[in-house]
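What follows is a set of notes on a single structure, which appears directly below.
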Amino acid sequence: MTIEARLEQLGIQLPEAAAPVASYVPVVVHGGFAHVSGQLPFVDGELVTGRLGDDLDLDAGQAAARACGLMILAQLKGALIPLDKVERIVKLGAFVTSTPDYADQPKVANGASDLMFEVFGEKGRHARAAVGVPALPLGAAVEVDAVIAIAD
173 MTIEARLEQL GIQLPEAAAP VASYVPVVVH GGFAHVSGQL PFVDGELVTG RLGDDLDLDA
233 GQAAARACGL MILAQLKGAL IPLDKVERIV KLGAFVTSTP DYADQPKVAN GASDLMFEVF
293 GEKGRHARAA VGVPALPLGA AVEVDAVIAI AD
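Here our numbering is used: the first residue of the sequence shown is 173, the next is one more, and so on.
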């Protein structure tokens, strides 16, 4: 089954790839790897803002992380990389806007991690970092970046 067919089977429609908000490119391919810049969570076209442990709960955080994962896939497509060329999701980095005492960043990041497994199966299992931060660009609740192995 193609990845496009898998997305359809899962009822997933990818968003439009977001334009960069500063001086960088969304995707750089080098040495067989696609390095995807940090992606922010857009749900129904609106940026998810807020802080875990304050005005957002775990479910909202996981949904935001999943939205970041969807944007990662949209950026690959926007860079004209067919999703069937993904050999492996190598690593995700999740940044979670959270209160100083909030400790569930790994559970929030599961929103993106679980998406990658749903879409790519075993090729979607990856290494990961999940860290809490005091603020993210545009007030975003979560940001996720990725390193993805791409077939020639």
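Ideal placement from N, C-alpha and C gives every residue a C-beta, glycine not left out. Quantities reported herein were computed from a predicted structural model and do not represent experimental measurements.
DSSP-derived helix/strand/coil call for residue i
i: ARG178; result: helix
i: SER209; result: strand
i: ALA284; result: helix
i: ASP229; result: coil
i: ALA299; result: strand
i: ASP273; result: coil
i: VAL193; result: coil
i: LEU248; result: helix
i: ASP317; result: strand
i: GLU290; result: helix
i: GLY183; result: coil
Rounded separation between residue i and residue j - CA only
i: THR271; j: ARG223; result: 7 angstroms
i: VAL280; j: GLY203; result: 30 angstroms
i: GLU218; j: ILE244; result: 16 angstroms
i: VAL200; j: SER285; result: 21 angstroms
i: ASP256; j: GLY210; result: 22 angstroms
i: LEU230; j: GLY283; result: 10 angstroms
i: ARG300; j: ALA190; result: 23 angstroms
i: LEU310; j: THR269; result: 11 angstroms
i: LYS295; j: LEU287; result: 12 angstroms
i: ALA266; j: GLY304; result: 9 angstroms
Strand pairing of residue i, partner residues [DSSP]
i: ALA312; result: THR221
i: PHE214; result: LEU219
Beta-carbon contacts of residue i that lie in its chain and below 7 angstroms, excluding the five residues immediately before and after
i: PRO278; result: ALA302
i: ARG297; result: PHE289
i: GLY183; result: none
i: ALA321; result: GLY204, PHE205, GLU259, ARG260 and VAL262
6 angstroms Cβ shell around residue i - same chain, five flanking residues per side excluded
i: PRO213; result: VAL220, ALA236, ALA239, CYS240 and VAL314
Same chain, Cβ closer than 8 angstroms to residue i, neighbours up to 5 away in sequence not counted
i: PRO192; result: PRO198 and SER209
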